[in-house]
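Q:
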Amino acid sequence: MAAEPDQSTHDGAAVSGTVAADASRDRIPARPAWRAELSDEVSVYEPYRFGLPPLRRYLRDAWRRRDFATELSRTSLHAQHFDTAFGQLWLLLNPLLLALIYFLLVDLLRAGQQGSGYFAHLMAGLFAFQLVGGAVTQAAKSVVAGQRLILNTAFPRTLLPLSSVITAIKRFLPSVLIYAPVHIAAGLPVGPALLWLVPVAVLLALFACGAALLAAAAQVYVRDLSSFLPYLLRLWLYGSPVLYYFSDLSQRSKAILAINPLTPLLASLSDILQNGAAPSVAVMALGVAWTAVTFLGGTLFFISRERDFAVRL
Amino acid sequence: MPSVSDRHRVKLDHVSLTYETSYEKAPTLRSTARRLGRRERLVREIKALKGVSLQVPEGMVLGVVGPNGAGKSTLLRTVAGILPPTEGRIEVRGRVSTLLALGVAFNRDLSGRDNVMLGGLAAGMSRAELLQRYDEIVDWAELRDVMDLPMRTYSSGMAGRLGFSVAAHMDPDIVLVDEALSVGDAHFRRKSFAKMRSLCEESRTILIVSHALGSIRELCDQAIWLEKGAMEMWDHPDAVVDAYTSFHGIQEGELDKEDI
Numbered sequence: 001m002a003a004e005p006d007q008s009t010h011d012g013a014a015v016s017g018t019v020a021a022d023a024s025r026d027r028i029p030a031r032p033a034w035r036a037e038l039s040d041e042v043s044v045y046e047p048y049r050f051g052l053p054p055l056r057r058y059l060r061d062a063w064r065r066r067d068f069a070t071e072l073s074r075t076s077l078h079a080q081h082f083d084t085a086f087g088q089l090w091l092l093l094n095p096l097l098l099a100l101i102y103f104l105l106v107d108l109l110r111a112g113q114q115g116s117g118y119f120a121h122l123m124a125g126l127f128a129f130q131l132v133g134g135a136v137t138q139a140a141k142s143v144v145a146g147q148r149l150i151l152n153t154a155f156p157r158t159l160l161p162l163s164s165v166i167t168a169i170k171r172f173l174p175s176v177l178i179y180a181p182v183h184i185a186a187g188l189p190v191g192p193a194l195l196w197l198v199p200v201a202v203l204l205a206l207f208a209c210g211a212a213l214l215a216a217a218a219q220v221y222v223r224d225l226s227s228f229l230p231y232l233l234r235l236w237l238y239g240s241p242v243l244y245y246f247s248d249l250s251q252r253s254k255a256i257l258a259i260n261p262l263t264p265l266l267a268s269l270s271d272i273l274q275n276g277a278a279p280s281v282a283v284m285a286l287g288v289a290w291t292a293v294t295f296l297g298g299t300l301f302f303i304s305r306e307r308d309f310a311v312r313l
Numbered sequence: 314m315p316s317v318s319d320r321h322r323v324k325l326d327h328v329s330l331t332y333e334t335s336y337e338k339a340p341t342l343r344s345t346a347r348r349l350g351r352r353e354r355l356v357r358e359i360k361a362l363k364g365v366s367l368q369v370p371e372g373m374v375l376g377v378v379g380p381n382g383a384g385k386s387t388l389l390r391t392v393a394g395i396l397p398p399t400e401g402r403i404e405v406r407g408r409v410s411t412l413l414a415l416g417v418a419f420n421r422d423l424s425g426r427d428n429v430m431l432g433g434l435a436a437g438m439s440r441a442e443l444l445q446r447y448d449e450i451v452d453w454a455e456l457r458d459v460m461d462l463p464m465r466t467y468s469s470g471m472a473g474r475l476g477f478s479v480a481a482h483m484d485p486d487i488v489l490v491d492e493a494l495s496v497g498d499a500h501f502r503r504k505s506f507a508k509m510r511s512l513c514e515e516s517r518t519i520l521i522v523s524h525a526l527g528s529i530r531e532l533c534d535q536a537i538w539l540e541k542g543a544m545e546m547w548d549h550p551d552a553v554v555d556a557y558t559s560f561h562g563i564q565e566g567e568l569d570k571e572d573i
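Chains as they are written, first to last, in our numbering: chain H, 1 to 313; chain R, 314 to 573.
(1) Alpha carbons only, please: which of R:Arg465, R:His524, R:Leu532, R:Val522 is nearest the one belonging to glutamate 515 of chain R?
(2) For the alpha helix (DSSP H) that lysine 385 of chain R lies in, which residues bound it at each end?
(3) According to DSSP, is glutamate 545 of chain R helix, strand or coil?
(4) Near lysine 360 of chain R, which residues of its chain fall below 6 Å by C-beta distance, leaving aside the five closest residues on each side in sequence?
(5) When the Cα atoms are used, what is the spatial distance from tyrosine 231 of chain H to glycine 473 of chain R?
(6) Between which residues of its own chain and alanine 383 of chain R is the CB-CB distance below 8 Å, once the five residues before and five after are set aside?
(7) Please report how far the alpha carbon of isoleucine 395 of chain R lies from the alpha carbon of serine 163 of chain H, in whole angstroms.
(8) Is there a Cβ of chain R sitting closer than 8 Å to that of alanine 139 of chain H, yes or no?
(9) Who does threonine 334 of chain R pair with in a DSSP beta bridge?
(10) Helix, strand or coil for arginine 65 of chain H per DSSP?
(11) Enumerate in chain order the residues of its own chain whose CB-to-CB distance from threonine 18 of chain H is below 8 Å, with the five nearest sequence positions on each side excluded.
(12) Below 8 Å on C-beta distance, what does phenylalanine 419 of chain R contact in chain H?
(13) Label arginine 234 of chain H either buried or exposed according to how many other C-beta atoms from any shown protein chain fall within 10 Å of its C-beta, with 16 as the threshold for buried.
(14) Looking at the structure shown, is isoleucine 28 of chain H part of a helix, part of a strand, or coil, going by DSSP?
(15) I need the DSSP call for glutamate 404 of chain R, collapsed to helix, strand or coil.
(16) Which parts of the region 248 to 298 of chain H are runs of the alpha helix (DSSP H), unbroken and 4 residues or longer, counting only runs that do not cross its ends?
(17) Taking the beta strand (DSSP E) that glutamate 540 of chain R falls in, what are its first and last residues?
(18) Determine the chain H residues that contact threonine 466 of chain R at a beta-carbon separation under 7 Å, and present them in chain order.
(19) Do the region 355 to 375 of chain R and the region 457 to 471 of chain R make contact, defined as three or more Cβ pairs closer than 8 Å?
(20) Just to confirm before moving on: does the CB-CB distance between valine 392 of chain R and valine 378 of chain R stay below 8 Å?
(21) According to DSSP, is glutamine 368 of chain R helix, strand or coil?
(22) Check whether chain R comes within 8 Å of leucine 59 of chain H, counting only Cβ atoms and requiring the distance to be less than that.
(23) Give the range of the alpha helix (DSSP H) segment to which aspartate 555 of chain R is assigned.
(24) Note down the Cα distance separating leucine 286 of chain H from threonine 263 of chain H, rounded to an integer number of angstroms.
(25) Among R:Val553, R:Lys508, R:Tyr467, R:Arg402, whose alpha-carbon lies nearest the alpha-carbon of phenylalanine 477 of chain R?
(26) Taking only beta-carbon atoms, is arginine 406 of chain R less than 8 Å away from chain H?
(27) Does DSSP classify histidine 121 of chain H as helix, strand or coil?
(28) Pull out every residue of the region 391 to 406 of chain R whose Cβ sits closer than 7 Å to any Cβ of chain H, in chain order.
(29) When you compare the region 164 to 182 of chain H with the region 252 to 267 of chain H, are there three or more beta-carbon pairs, one atom per stretch, that lie closer than 8 Å?
(30) Give a yes or no on whether 8 Å exceeds the smallest Cβ distance from arginine 440 of chain R to chain H.
(31) Return helix, strand or coil for threonine 411 of chain R, following the three-state DSSP convention.
(32) Going by DSSP, what residue range makes up the alpha helix (DSSP H) through serine 43 of chain H?
(33) Taking 8 Å as the CB-CB limit, is leucine 72 of chain H close to chain R?
(34) Output, in chain order, the set of chain R residues within a Cβ distance shorter than 8 Å of phenylalanine 68 of chain H.
(35) Consult DSSP for aspartate 224 of chain H and reduce its assignment to one of helix, strand or coil.
(36) Which value, in whole angstroms, describes the spacing of the CA atoms of alanine 69 of chain H and serine 424 of chain R?
Listed below in C-alpha cells is the structure:
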C-alpha cells in the first residue's frame, strides 16, 4: 500500500514555515558549558539483503565497546558465583573430576594398558576441547539472552558471543594450573618445544570465536539448537583425538577424524606435550587452515545476519 | 560521506519497513519438521512503516502520536539503527540515546549497578564516563539503597525510573523516548517531566512517542501522527493532537489521566 500521496511527497517546506516561527517558544538556545561538543558523526541506515555492513566502521564501533564484552563476561561469571573462594575451587575441581571420570572409563575399557603419559594427554585434550565447547555452549544462548538489549540499543552484536568466548577463556586458565603438576609427575619432557603451545592456544581461541559466532547466529533461527548442542558436542569430543592418541587409530578411523576441524590442533597439542617436540608442519598448516575457515566463516555469517536479529527475537 | 544538511539531526527519506512474523512461538527444528508435511506457511507480513519522510532539525522536539500498532516504536527503532529499513534511507547525525519501552533491565538477575554499566557500555559510553555519571544517575532515580540488588527485586516503577535516569544522563545529541513519561509515582512523573523539559531546553534533538497528549502539546515543537505505518499529518503539535483526537473520537481528558 502506498502512503497518503500528500504525505509521502512531503518536502518539509510547508511545515518548516510554521515551525520556524514557533521554534523560539520556551527555548533557551544556549548549550550548557559542561556539555561535550556535539558529535557530528553521521550514521546511514539503508536496506540490505545478505551483505555486510561497512566493516571499517563496524570494527571501530566494536573496538570502542570492548569494555562491554569484558564487563558482560565478568558479570556472568559473577552470577555463577565464580568470583567467590568456593566458586574458584570449583573451577579447579570441575575439569579435574571430568578428567578422572574419563580416565576411569578408558582404564576399564583398555584394562590398564595405557602408558604413563596417557592421563596428561587426556587432561590436556579435554581442557582444550572444553575451551571450544564451553564457548559454543555459552554463546548459543548469548544473543537470545541479550534480546532486550538488542531491541533497545544499536551496537555490534558480535560482542555478545565474544563475551562468551572471554568467559570460556577465563574458565580455561585455571585448568592450566591443574595440568602442570600432572605433566611433571608423569615425567613428560619440559623444554623450549613447549613454546609451541602459544600459537596452538591462540589458534584454539580464534577457532572458539568462529564456532561461538556460528552457534550464536544459528540459535536465532533454530531455537532448539541449544537442546541438541550437548549431544553434538559429546559426539564431537568422541570424534576428536582426546580419549585416545591419533597415532593409535586405524587408517579408516584416521580418515573419519580428518573431517573434524579440531583434529589437527588437538593432535599438535598432544605432540608438543607428549614428545616435547615441534608439531609436524603439515598438521599445523592444516590447523591454521581450519581455524581460518572457522573464524572467518563464523564471523562473516554472524555479521551478515545480525541486522536481522531484532525482528527475529 | 553523503552530505546531510547542516541543520538536520535526523532525516528519513521514504522509509518503509516490512517484516515477516511467525505465528509460532519460536522457530525450532521440531516445529519445522512437523509443518513440512502440511505445507503451511505460518508467517504474516507486517508493514510497520510505509514511506515515511521526515526531517528533524537540531534542537527540535518532535512528538509522535498514533494508536497502538501504528509504527511509532518501529519508527524510533529505525532512527536508533536497531531495525534497518526495507526501503528508503535514514541519516542520523550525532550520538543517540534510546529510552525505549523495554527500559534498562537487560538481565533481571544482575544488579541494578551491573545493568546500568552494561547498558551504558553497549550504548557506546566509556567506563570512565559512566563512573563519572553513575552517582548522578543513581541519585536522580533515588535508588541508591537498592543498586546492588538484582533487578528482579525491583518494582516496575523502580526499573522505569532507573531506565529514564540512564537515558537522560547519557549526554546524547539525540534522545528517543518511548512512553517513558509516565514512570513511577506522581512524584517521579513530575520529576521526569521536568527533566524532559530541561533536556528540551538544552536544545537537544528529541523524538517523543507518547499517549499523554498534554505532554506532546507542551513539550514538542512539531508533531507527527502515524496511522497504520503511514504519516497522516505533520504539523504544529496542537493541530496534530486536535486532528488525531477528533479522528479517533477520543476525549483528550481520557488519555491525559496518566499525564500531570
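Heads up, the beta-carbon is just placed ideally off N, CA and C, and yes, glycines get one too.
In this text the structure is predicted, and so the values were computed from the model without any measurement.
A: Quick look at the numbers:
(1) Numbered from 1 along the second sequence, position 202 holds the residue referred to as residue 515 of chain R. Answer by Cα proximity: R:Leu532.
(2) As a first step, residue 385 of chain R must be located in the second sequence, where it is residue number 72. Per DSSP, lysine 385 of chain R belongs to the alpha helix (DSSP H) from 385 to 393.
(3) Position 232 of the second sequence, counted from the start, is the residue given in the question as residue 545 of chain R. Strand, per DSSP.
(4) Counted from its first residue, the second sequence places residue 360 of chain R at position 47. Answer for lysine 360 of chain R: Thr331, Gly542, listed in chain order.
(5) Here residue 231 of chain H refers to the residue found at position 231 of the first sequence. Here residue 473 of chain R refers to the residue found at position 160 of the second sequence. Cα-Cα distance, rounded: 41 Å.
(6) Counting from 1 along the second sequence, the entry for residue 383 of chain R is found at position 70. Excluding sequence neighbours, alanine 383 of chain R sits near Leu539, Glu540, Lys541, Gly542.
(7) Reading the second sequence from its first residue, position 82 is the one you call residue 395 of chain R. Reading the first sequence from its first residue, position 163 is the one you call residue 163 of chain H. The straight-line gap from Cα to Cα measures roughly 20 Å.
(8) On the first sequence, residue 139 of chain H is found 139 positions in, with the first residue counted as 1. It does not: the Cβ of alanine 139 of chain H has no partner Cβ on chain R nearer than 8 Å.
(9) Residue numbering aside, residue 334 of chain R sits at position 21 when the second sequence is read from its first letter. In the DSSP output, where bridge partners are listed per residue, threonine 334 of chain R has R:Arg357.
(10) The residue given as residue 65 of chain H occupies position 65 in the first sequence. Note: arginine 65 of chain H maps to coil in three-state DSSP.
(11) Stepping through the first sequence from its first residue, residue 18 of chain H is reached at position 18. Residue placement at threonine 18 of chain H is poorly supported in this model, since its pLDDT is 38, which falls under 50; the coordinates still yield a value, given next. Closer than 8 Å at the Cβ level, and outside the excluded window around threonine 18 of chain H, lies no residue.
(12) Numbered from its first residue, the second sequence carries residue 419 of chain R at position 106. Simply Gly146, Arg148, Leu149, Asn152.
(13) Counting from 1 along the first sequence, the entry for residue 234 of chain H is found at position 234. Flag for arginine 234 of chain H reads exposed.
(14) For this step, residue 28 of chain H is matched to residue 28 along the first sequence. Note that isoleucine 28 of chain H scores a pLDDT of 38, beneath 50, so its modelled location is shaky and nothing firm can be said.
(15) Walking along the second sequence from the start, residue 404 of chain R turns up at place 91. DSSP places glutamate 404 of chain R in strand when its eight states are reduced to three.
(16) 251 to 257, 263 to 275
(17) Along the second sequence, one-based indexing puts residue 540 of chain R at 227. Start and end: 535 to 540.
(18) Looking up residue 466 of chain R in the second sequence gives position 153. Result: empty, since nearest Cβ-Cβ is about 14 Å, beyond 7 Å.
(19) no
(20) What you label residue 392 of chain R is simply residue 79 of the second sequence in a count that begins at 1. What you label residue 378 of chain R is simply residue 65 of the second sequence in a count that begins at 1. Not closer than 8 Å, so no.
(21) Counting from 1 along the second sequence, the entry for residue 368 of chain R is found at position 55. Looking at glutamine 368 of chain R - three-state DSSP - the assignment turns out to be strand.
(22) The residue labelled residue 59 of chain H in the question sits at position 59 within the first sequence. With 8 Å as the cut-off, leucine 59 of chain H does not count as an interface residue toward chain R.
(23) Here the question's residue 555 of chain R lines up with position 242 in the second sequence. Per DSSP, aspartate 555 of chain R belongs to the alpha helix (DSSP H) from 550 to 561.
(24) As a position in the first sequence, residue 286 of chain H is number 286, starting the count at 1. As a position in the first sequence, residue 263 of chain H is number 263, starting the count at 1. Approximately 9 Å between the Cα atoms of the pair.
(25) In the second sequence, counting from the first residue as 1, residue 477 of chain R sits at position 164. The shortest Cα separation from phenylalanine 477 of chain R among R:Val553, R:Lys508, R:Tyr467, R:Arg402 belongs to R:Lys508.
(26) To locate residue 406 of chain R, count along the second sequence from 1; it is residue 93. Chain H contact via Cβ: present.
(27) Along the first sequence, one-based indexing puts residue 121 of chain H at 121. Reduced to three states, the DSSP call for histidine 121 of chain H is helix.
(28) Thr391, Ala393, Gly394, Ile395, Leu396, Pro397, Pro398, Thr399, Glu400, Arg402, Ile403, Glu404, Val405, Arg406
(29) no
(30) In the second sequence, the residue the question calls residue 440 of chain R occupies position 127. Chain H contact via Cβ: present.
(31) Counted from its first residue, the second sequence places residue 411 of chain R at position 98. Strand.
(32) As a working mapping, residue 43 of chain H is identified with position 43 in the first sequence. Where serine 43 of chain H is concerned, there is no enclosing alpha helix (DSSP H), although the beta strand (DSSP E) it sits in stretches over 42 to 45.
(33) Start at 1 with the first residue of the first sequence, and residue 72 of chain H comes out as number 72. Output row for leucine 72 of chain H: interface = yes.
(34) Walking along the first sequence from the start, residue 68 of chain H turns up at place 68. Here the neighbours are Leu431, Leu434, Ala435.
(35) The residue given as residue 224 of chain H occupies position 224 in the first sequence. It is coil, neither helix nor strand.
(36) On the first sequence, position 69 is the one that residue 69 of chain H refers to. On the second sequence, position 111 is the one that residue 424 of chain R refers to. Near 17 Å, if we compare the C-alpha coordinates of serine 424 of chain R and alanine 69 of chain H.
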